[in-house]
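**Student:** Chains A and B are the protein sequences, given in the same order. Going by my numbering, the first sequence opens with residue 359, and the numbers climb by one from there. Going by my numbering, the second sequence opens with residue 359, and the numbers climb by one from there. Even glycine gets a Cβ: it sits at the ideal position worked out from N, Cα and C.
2 protein chains.
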Amino acid sequence: MRPTLQTVADAVGVSRSTVSNAYSRPDQLSPELRDRILSTAARLGYSGPDPTARSLRRGRVGSIGVLFTGQLTYAFTDPFAIQFLIGLAEAAEHHNTGLLLLPLSEDDEEAAARSVREALVDGFCVYCVPSDWYRSLAQINPRGLPVVGAELRDREAGAMFVGIDEAAATRAAGEHLIRLGHRRLAVIIDRGTPGRGTGPLRVDDFDTLPHYVARERLRGYRDAFTAAGVDWPTVTVVNAAANTRAEGAAAAAHVLDRADRPTAVFAITDLLAFGVLDALRARGLRAGRDVSVIGFDDIPDAATARLTTVRQPAVERGRAAGVLLLDPPPEAADRQVVLPTELIVRASTGPAPTATPTERN
Amino acid sequence: MRPTLQTVADAVGVSRSTVSNAYSRPDQLSPELRDRILSTAARLGYSGPDPTARSLRRGRVGSIGVLFTGQLTYAFTDPFAIQFLIGLAEAAEHHNTGLLLLPLSEDDEEAAARSVREALVDGFCVYCVPSDWYRSLAQINPRGLPVVGAELRDREAGAMFVGIDEAAATRAAGEHLIRLGHRRLAVIIDRGTPGRGTGPLRVDDFDTLPHYVARERLRGYRDAFTAAGVDWPTVTVVNAAANTRAEGAAAAAHVLDRADRPTAVFAITDLLAFGVLDALRARGLRAGRDVSVIGFDDIPDAATARLTTVRQPAVERGRAAGVLLLDPPPEAADRQVVLPTELIVRASTGPAPTATPTERN
DNA sequence: AGTAGCTTCTGTATCGATACAGTACGCGCT
DNA sequence: AGCGCGTACTGTATCGATACAGAAGCTACT
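#1: Going along chain B, which residues have a C-beta under 8 Å from A:Phe624?
#2: Starting from B:Ala380 and walking both ways along the alpha helix (DSSP H), at which residues does that stretch end?
#3: Which of the three DSSP states, helix, strand or coil, is assigned to B:Asn719?
#4: How would you label B:Met518, buried or exposed, when you count the other beta carbons within 10 angstroms and need 16 or more for buried?
#5: Just checking, does the segment 671-679 of chain B make contact with the segment 627-639 of chain B on the three C-beta pairs under 8 Å criterion?
#6: Within its chain, find whatever has a CB closer than 6 Å to the CB of A:Thr528; leave out the 5 residues flanking it on each side and keep chain order.
#7: Counting along the chain, where does the alpha helix (DSSP H) carrying A:Gly680 start and finish?
#8: Return no unless some Cβ of chain A is closer than 9 Å to the Cβ of B:Leu458.
#9: Would you identify the three-state DSSP class for B:Leu478, choosing helix, strand or coil?
#10: Hey, B:Ile652 and B:Ala598: beta-carbon distance below 9 Å or not?
#11: How should B:Gly371 be labelled, buried or exposed, when 16 other C-beta atoms within 10 angstroms of its C-beta is the threshold for buried?
#12: Going by the beta-carbon positions, is the gap between B:Pro461 and B:Phe426 smaller than 9 Å?
#13: Looking at the secondary structure, which residues open and close the alpha helix (DSSP H) in which B:Gln441 lies?
#14: Compute the Euclidean distance between the alpha carbons of B:Ala471 and B:Arg501, then round it to the nearest angstrom.
#15: Does the distance from the C-beta atom of B:Glu700 to that of B:Arg669 stay below 9 Å?
#16: From B:Glu717 to B:Ala610, what distance separates their C-alpha atoms?
#17: Please identify the residue among B:Leu535, B:Leu458, B:Glu509, B:Asn601 whose C-alpha is closest to the C-alpha of B:Tyr316.
#18: Going by the DSSP bridge assignment, what does A:Phe583 pair with across the sheet?
#19: Hey, out of A:Arg360, A:Arg412, A:Gly420, A:Ala433, whose CA is closest to A:Gly403's CA?
#20: Shortest alpha-carbon distance to B:Thr712 belongs to which of B:Ala582, B:Ser494, B:Asn454, B:Val649?
#21: Expressed to the nearest angstrom, what Euclidean distance is found between the alpha-carbon atoms of B:Pro620 and B:Ile444?
#22: What does the alpha-carbon distance come out to for the pair B:Leu457 and B:Ala399?
#23: Can you name the residues of chain B whose CB is closer than 8 Å to the CB of A:Gly676?
#24: Determine the extent of the alpha helix (DSSP H) in which A:Ala625 is found, giving its start and end residues.
#25: Which ranges does the alpha helix (DSSP H) cover as unbroken runs of at least 4 residues, wholly within the segment 516-604 of chain A, from first to last along the chain?
#26: For a quick check, are the C-beta atoms of B:Val302 and B:Leu543 less than 9 Å apart?
#27: Can you tell me where the alpha helix (DSSP H) holding A:Leu629 begins and where it ends?
#28: Classify A:Val506 as helix, strand or coil using the three-state DSSP reduction.
#29: Taking a contact to mean a Cβ-Cβ separation below 9 Å, would you say A:Leu683 touches A:Val506 in this structure?
#30: Using a 10 Å radius around the Cβ and a threshold of 16 neighbouring Cβ atoms, would you call B:Ser706 buried or exposed?
#31: How long is the line joining the alpha carbons of B:Asp512 and B:Leu697, rounded to whole angstroms?
#32: Skipping 5 residues on each side, what residues in its chain have a beta carbon closer than 7 Å to that of B:Phe434?
#33: Classify B:Gly532: buried if its beta carbon has 16 or more other beta carbons within 10 angstroms, exposed otherwise.
#34: Shorter than 9 Å from the beta carbon of A:Ser494 to some beta carbon of chain B?
#35: Considering only DSSP beta bridges, list what B:Pro461 is partnered with.
#36: How is B:Gly403 classed by DSSP in three states: helix, strand or coil?
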């Protein structure tokens, strides 16, 4: 039988409590006794208090749950997501806490709910979960644990929140394009429709996009363009099958080969924007001259690629979420964090070509 | 006070066990009673059995620990690592199990040991841990939980193991280069020395490299080249500061600008190989003509980049590790899995240039 | 009627620890 | 001696569930 605290206590001739203290509260007993306890424990093959029992008694398990849906692949392919996770992990490590990745099945809602209900965690962070998957954070977590969300509605519902003003960020990017004279825009998003591949999306779809982020970022662009008098329905929205460079290029092909090629393309992530740059290169088009390209995230490679993009503090977002979960500020106001974004202008955007594209160069 | 099983049992007028069964063994009671229990539970705000208490009683927590060291950043920047994790997550999801990421501090060995000792997991998977960090898997896990390793010595120690024959894989790659007439080789590795930046490594260092993978892959190359009569010490080993494209390019610069430029460069990962390709391009050199480049992993982008590389089944490795942990085969022999690798020849390797490189085009 | 067998539910023991109040004891001070 | 106080340790109650043996009730068959 595996040894327990009691086994060790009996062997040393002290009470169970004292052995417990030897591990968890070294200041509560004399160093000699502690050594004696630890060495007999080692002799008996006892490797410290059972984590499960300890958690039950203490009421804290020492890990926070990270909720995903669908493809874990997605979550790990997205550089932003990874940065976020790194920030979260930093905060967690600081609190001696682990991260429990909880892949939630998208098909079996029952099983997903069970995963959440049965997870051994002290709190949840909603990571890559489509908006229509849950109505509110309360639904995700009937257990009353702390949960931090990343969507505006979470913020409005008074839940803990860490995010950015997505729409304001893309509005700034849109205004930049407007100032440069662009009037024909194409937008490339991913996860626009579940299960559908690459292809144009009807623009009136976009208010019902399953992902909050896509919805909001599109809204920001629309606001910038309609404010400048551009008719929004002329904007083409193309869905990419995945958030990858290759799919970005494939999606870009849908608009670049048209006669009324847009003068500017907004990609909802930098990764997709890289694909757009690839597609331009493959066609002998110059980014920032023939077609302006603008991304989102400012991932590390964006600077090298000279990509104009919206920078968001990804690591900081993760860290802030971790801090909220691990020691929530007493003031409710401090439990909602909105981080700043910044438009980083690089060489991939420039004045809209005045002539028709084919006449240039 | 939060409701417990007892609270619900009292409200419904049944025993605690019956309420427990309502959640965990629906076949043990009549559907009517079950409904009655679940609805009063909902009314009382009881959200199912407490996971901690359940884990204590059941002796299973429903998650497996993934051990890292150092930068979580590293673990998530490496495409192979991510593929591995995806495979692991797949197996885990299948068993209704979560993944607990355990970042182990490299500085504070005491704290790291405590993390392992106190982790709420059913088993461990050693993920990105340098070889000199532990002597054997037994040391990592004094609790007697299942552990799966990825190093040969783990296999030799009879522990659970999932891996590839690293040295054989690179030997095949080396033989390919030899057949093409290459005799001057440079090798680019990362994590060659902890804390050191980009730069050449003394070749006699490599048997003491902290990472098993680097050691073994170098060994395979050495074997191939020495078998062909090439003096191994003429091979330059360059350490890259990180496993990134940019650092790969920086490391490549150390050998490409020399007079006796190698005719072939082996990068220990595809990511580094991409950097080498970038460095070649920047110098107007043609991959596969002027300098052959060979990578390792066969990550998705490798095909597009036409990179010759060694393919290893990354996702499969993760999945196999998960299966071993989650339901270990009864036969000891089946608890050690060696997966196949395959040399994928693409355009980045070609015959060694016969004249000196500068004379050719 | 008796008993066998099934389903449905109950009751107690147990998982392995920590919290907290309490005891014992030594020491300095008056 | 008597009192106060701090340190070192003990003992019991408790955390919230599940396992398992057994009881009760009901049908079916001889």
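**Tutor:** With the structure as the only source:
#1: The residue you call residue 624 of chain A lines up with position 266 of the first sequence. Close partners of A:Phe624 in chain B (Cβ separation under 8 Å) are lacking, with about 23 Å as the shortest Cβ gap.
#2: Working through the second sequence from its first residue, we reach residue 380 of chain B at position 22. Element bounds for B:Ala380: 374-382.
#3: For the purposes of this step, residue 719 of chain B is taken as residue 361 along the second sequence, with counting starting at 1. Caution applies to B:Asn719, whose pLDDT of 41 falls short of 50 and renders its modelled position unreliable; the model cannot decide the point.
#4: As a first step, residue 518 of chain B must be located in the second sequence, where it is residue number 160. With at least 16 other beta carbons inside 10 angstroms of its own, B:Met518 counts as buried.
#5: By the criterion of at least three beta-carbon pairs nearer than 8 Å, the segment 671-679 of chain B is not in contact with the segment 627-639 of chain B.
#6: Translated into positions along the first sequence, residue 528 of chain A becomes position 170. Apart from the 5 residues on each side of it in sequence, A:Thr528 sits with its Cβ closer than 6 Å to the Cβ of Arg575, Gly578, Tyr579 in its chain, given in chain order.
#7: If you number the first sequence from 1, residue 680 of chain A lands on position 322. Taken as a continuous stretch (DSSP letters only), the alpha helix (DSSP H) holding A:Gly680 covers 672-684.
#8: Within the second sequence, residue 458 of chain B is the residue found at index 100, counting from 1. Yes, B:Leu458 counts as interfacial toward chain A.
#9: The residue you call residue 478 of chain B lines up with position 120 of the second sequence. Shown here, B:Leu478 sits in coil according to DSSP, grouped into three states, outside any helix or strand.
#10: Here residue 652 of chain B refers to the residue found at position 294 of the second sequence. Here residue 598 of chain B refers to the residue found at position 240 of the second sequence. Taking C-beta atoms as the reference points, B:Ile652 and B:Ala598 fail to come closer than 9 Å.
#11: The residue labelled residue 371 of chain B in the question sits at position 13 within the second sequence. Exposed, by the Cβ-count rule.
#12: Translated into the one-based positions of the second sequence, residue 461 of chain B becomes position 103. Translated into the one-based positions of the second sequence, residue 426 of chain B becomes position 68. One thing to note: B:Pro461 has its Cβ within 9 Å of the Cβ of B:Phe426.
#13: What you label residue 441 of chain B is simply residue 83 of the second sequence in a count that begins at 1. Element bounds for B:Gln441: 437-452.
#14: Residue 471 of chain B sits at position 113 when you count from the first residue of the second sequence. Residue 501 of chain B sits at position 143 when you count from the first residue of the second sequence. B:Arg501 has its alpha-carbon roughly 11 Å from the corresponding atom of B:Ala471.
#15: Position 342 of the second sequence holds residue 700 of chain B. Position 311 of the second sequence holds residue 669 of chain B. Yes, they are a contact pair.
#16: The residue labelled residue 717 of chain B in the question sits at position 359 within the second sequence. The residue labelled residue 610 of chain B in the question sits at position 252 within the second sequence. Low local confidence applies: a pLDDT of 39 at B:Glu717 is under 50, so the model's placement there is unreliable, with the coordinate-based value given in what follows. Approximately 21 Å between the Cα atoms of the pair.
#17: This structure leaves residue 316 of chain B out entirely; chain B is present only between 359 and 719.
#18: Locating residue 583 of chain A in the first sequence gives position 225, counting from the first residue. For A:Phe583, which the question treats as bridged, DSSP gives no partner whatsoever.
#19: As a working note, residue 403 of chain A is residue 45 in the first sequence. Comparing Cα positions, the closest option is A:Arg360.
#20: Position 354 of the second sequence holds residue 712 of chain B. Check the Cα spacing between B:Thr712 and each of B:Ala582, B:Ser494, B:Asn454, B:Val649: the tightest is with B:Val649.
#21: Here residue 620 of chain B refers to the residue found at position 262 when the second sequence is read from its first residue. Here residue 444 of chain B refers to the residue found at position 86 when the second sequence is read from its first residue. Their Cα atoms are separated by approximately 36 Å.
#22: Stepping through the second sequence from its first residue, residue 457 of chain B is reached at position 99. Stepping through the second sequence from its first residue, residue 399 of chain B is reached at position 41. Inter-residue distance for B:Leu457 and B:Ala399 is about 29 Å (C-alpha atoms, whole angstroms).
#23: Taking the first residue of the first sequence as position 1, residue 676 of chain A is located at position 318. Within chain B, no C-beta atom comes less than 8 Å from the C-beta of A:Gly676; the nearest is roughly 10 Å away.
#24: Within the first sequence, residue 625 of chain A is the residue found at index 267, counting from 1. Careful: A:Ala625 lies outside any alpha helix (DSSP H), inside the beta strand (DSSP E) at 622-625.
#25: Counting whole runs of 4 or more residues, the segment 516-604 of chain A contains the alpha helix (DSSP H) stretches 524-537, 570-585.
#26: The structure shown does not extend to residue 302 of chain B, since chain B is modelled only from 359 to 719, so the question has no answer here.
#27: In the first sequence, the residue the question calls residue 629 of chain A occupies position 271. Unbroken alpha helix (DSSP H) run through A:Leu629: 628-640.
#28: Reading the first sequence from its first residue, position 148 is the one you call residue 506 of chain A. Strand at A:Val506.
#29: Residue numbering aside, residue 683 of chain A sits at position 325 when the first sequence is read from its first letter. Residue numbering aside, residue 506 of chain A sits at position 148 when the first sequence is read from its first letter. Going by C-beta atoms, A:Leu683 is nearer than 9 Å to A:Val506.
#30: As a position in the second sequence, residue 706 of chain B is number 348, starting the count at 1. So B:Ser706 ends up on the buried side.
#31: Within the second sequence, numbered from 1, the residue matching residue 512 of chain B stands at position 154. Within the second sequence, numbered from 1, the residue matching residue 697 of chain B stands at position 339. Rounded to the nearest angstrom, the gap between the Cα atoms of B:Asp512 and B:Leu697 is 15 Å.
#32: Start at 1 with the first residue of the second sequence, and residue 434 of chain B comes out as number 76. Correct list, in chain order: Ile440.
#33: Counting from one through the second sequence, the residue named residue 532 of chain B turns up at place 174. A buried status is given to B:Gly532, since no fewer than 16 other beta-carbon atoms sit within 10 Å of its beta-carbon.
#34: The residue given as residue 494 of chain A occupies position 136 in the first sequence. Taking Cβ atoms only, chain B never reaches closer than 9 Å to A:Ser494, which makes this a no.
#35: Numbered from 1 along the second sequence, position 103 holds the residue referred to as residue 461 of chain B. According to DSSP, which records beta bridges pairwise, B:Pro461 is partnered with B:Phe426.
#36: For the purposes of this step, residue 403 of chain B is identified with residue 45 of the second sequence, where counting begins at 1. DSSP, read as helix, strand or coil, puts B:Gly403 in coil.
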